[in-house]
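In what follows, a structure is listed as structure tokens, so that the remarks can point back to it.
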Amino acid sequence: MNRRIFLRNISAGTLGVSFGMFPKELLAGDDFVTITILHTNDLHCHIEPFSGSDEKYNGKGGMARISEFVKEQKKKNPNTLLFDAGDMFQGTPYFNYFKGELILKVMSQAGYDAGTIGNHEFDNGLEGILEPLPNATFPIICSNYDFSDTILAGKFPRFKIFDRDGIKVGVYGLGIELEGLVGKQNYGNTKFLDPVKVAVEMEQFLKQEQKCDLVVCLSHLGVMYEGEDDKICDTKLVEYTSMTDLILGGHNHSIYLEEPIVKRNKMGNEVIINQAWWGGLVIGKIDFVFERSSKKKKATFTNNQDT
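Structure representation (structure tokens):
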């Protein structure tokens with residue numbers, strides 16, 4: 001496994017602390033709480049490791065390895081959350097035969113706490129989402145698809161709040177524009193809502209109204225797009241937000257981040273953006289350490305863990 005540790009100062013405000021504030025010897029005490037965020041994206045039904053016919057990825061990946069890694073991490077720190085940023089469906093014969101049923105069952109067994117929707121979830125139409133959905137024991141969060149005029153009405157929460165040892169983690173999800181990417185017959189009357197407006201709405205709701213200590217966006221917008229300056233993506237989204245602390249991305253298979261991207265939001269505070277490649281080949285890990293009394297926090301990146 002790649003155990004390189006990336007430490008970075010996060011300025012006051014959104015993340016509210018610099019790393020030097022907490023003496024190392026104090027971090028193990030009762031005055032501090034560590035929230036571990038694990039994440040994947042674009043699993044594409046890669047339930048087994050990549051086969052020997054694939055020279056580049058031979059033997060790598062597989063949900064069993066992800067599951068074991070997650071178990072290890074949750075044993076070390078019960079305040080661990082596992083998220084996925086979409087495109088769980090499509091990509092292997094497991095999808096052709098089982099549709100979305102098997103991957104959702106396996107992800108549930110692996111201990112996923114939440115996910116969001118990618119464009120490939122629509123590959124078998126709205127019915128292809130509705131039918132396997134009961135196999136997911138975790139919420140699939142989507143804040144900017146309006147399903148109210150479809151068979152998926154009421155099936156996807158707009159947010160989820162997790163309370164871990166007194167620390168409130170608020171999560172919302174953003175999906176990519178479907179028009180031009182997914183056939184109209186596959187998404188029907190699903191309405192795409194402006195992800196920027198929705199992100200601002202959700203972060204204000206979670207941080208100000210719900211008093212969340214950490215706000216996480218599960219995004220399938222894509223981390224970045226070269227030569228497409230007008231296309232909204234994770235790195236552009238940051239410029240319009242002020243209270244989102246962490247964006248976990250997906251969609252861009254070609255992007256392998258050696259370490260998370262850190263960009264400043266509209267308030268000048270730093271936001272972490274990360275993507276865990278694709279196919280379950282790696283799993284992202286980010287630790288947030290909170291001081292109980294002040295709720296100030298620091299972040300440690302252990303990115304990205306090979307599976």
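The sequence shown: position 191 = 191 (full-length UniProt numbering), numbered continuously. All C-beta atoms, glycine included, are put in the ideal place defined by N, C-alpha and C.
Closest in C-alpha terms to residue 232, from the list 115, 244, 208, 199, comes 199. With a cutoff of 8 Å on beta-carbon distance, residue 121 and residue 86 are scored as near each other. Pairing residue 274 with residue 295, the inter-Cα distance amounts to about 23 Å. By the neighbour-count definition (other C-beta atoms within 10 Å, threshold 16), residue 90 is a buried residue.
Using a Cβ distance threshold of 8 Å, residue 219 and residue 229 do not count as a contacting pair.
In the three-state reduction of the DSSP assignment, residue 275 falls in the strand class, which pools E and B. Where residue 172 is concerned, there is no enclosing alpha helix (DSSP H), although the beta strand (DSSP E) around it starts and stops at 167–174. Of the other Cβ atoms in all chains shown, 16 or more fall within 10 Å of the Cβ of residue 243; this residue is therefore buried.
Per the C-alpha coordinates, the member of 179, 75, 67, 190 positioned closest to residue 109 is 67.
Residue 287 is bridged by DSSP to 36, 300. The DSSP-derived three-state label of residue 83 is strand.
Residue pairing for residue 217: DSSP places it in a beta bridge opposite 172, 247. Nearest to residue 101 by alpha-carbon distance, out of 240, 283, 128, 117, is 128. Residue 44 and residue 215 have their alpha carbons spaced roughly 26 Å apart. Remark: C-beta atoms of residue 42 and residue 279 approach each other more closely than 8 Å.
In the DSSP annotation of this structure, residue 196 is not part of any beta strand (DSSP E); the continuous alpha helix (DSSP H) holding it starts and ends at 195–204. Boundaries around residue 234 are those of the alpha helix (DSSP H), 234–237, since no beta strand (DSSP E) includes it. Approximately 5 Å separates the beta-carbon atoms of residue 176 and residue 221; this is inside 8 Å, confirming the contact.
Between the beta-carbon of residue 119 and that of residue 193 there is about 15 Å, and that puts the pair past the 8 Å contact cut.
Note that the C-beta distance between residue 261 and residue 299 is not below 8 Å.
DSSP, reduced to helix, strand and coil, places residue 74 within a helical segment of the structure shown.
With a 10 Å radius around the Cβ and a threshold of 16 neighbouring Cβ atoms, residue 137 comes out exposed. Within its own chain, the residues whose Cβ lies closer than 8 Å to the Cβ of residue 181, once the five positions on either side in sequence are excluded, are 119, listed in chain order. Per DSSP, residue 262 lies in no alpha helix (DSSP H); the unbroken beta strand (DSSP E) holding it starts and ends at 261–264. Rounded to the nearest whole angstrom, the C-alpha separation of residue 51 and residue 63 is 14 Å. Secondary structure note for residue 138: it is in no beta strand (DSSP E), with a DSSP letter that is neither H nor E. Assigned with DSSP and collapsed to three states, residue 179 falls in strand. Taken atom to atom, the span from the alpha-carbon of residue 161 to that of residue 81 is near 11 Å. In the structure shown, the three-state DSSP call for residue 187 is helix.
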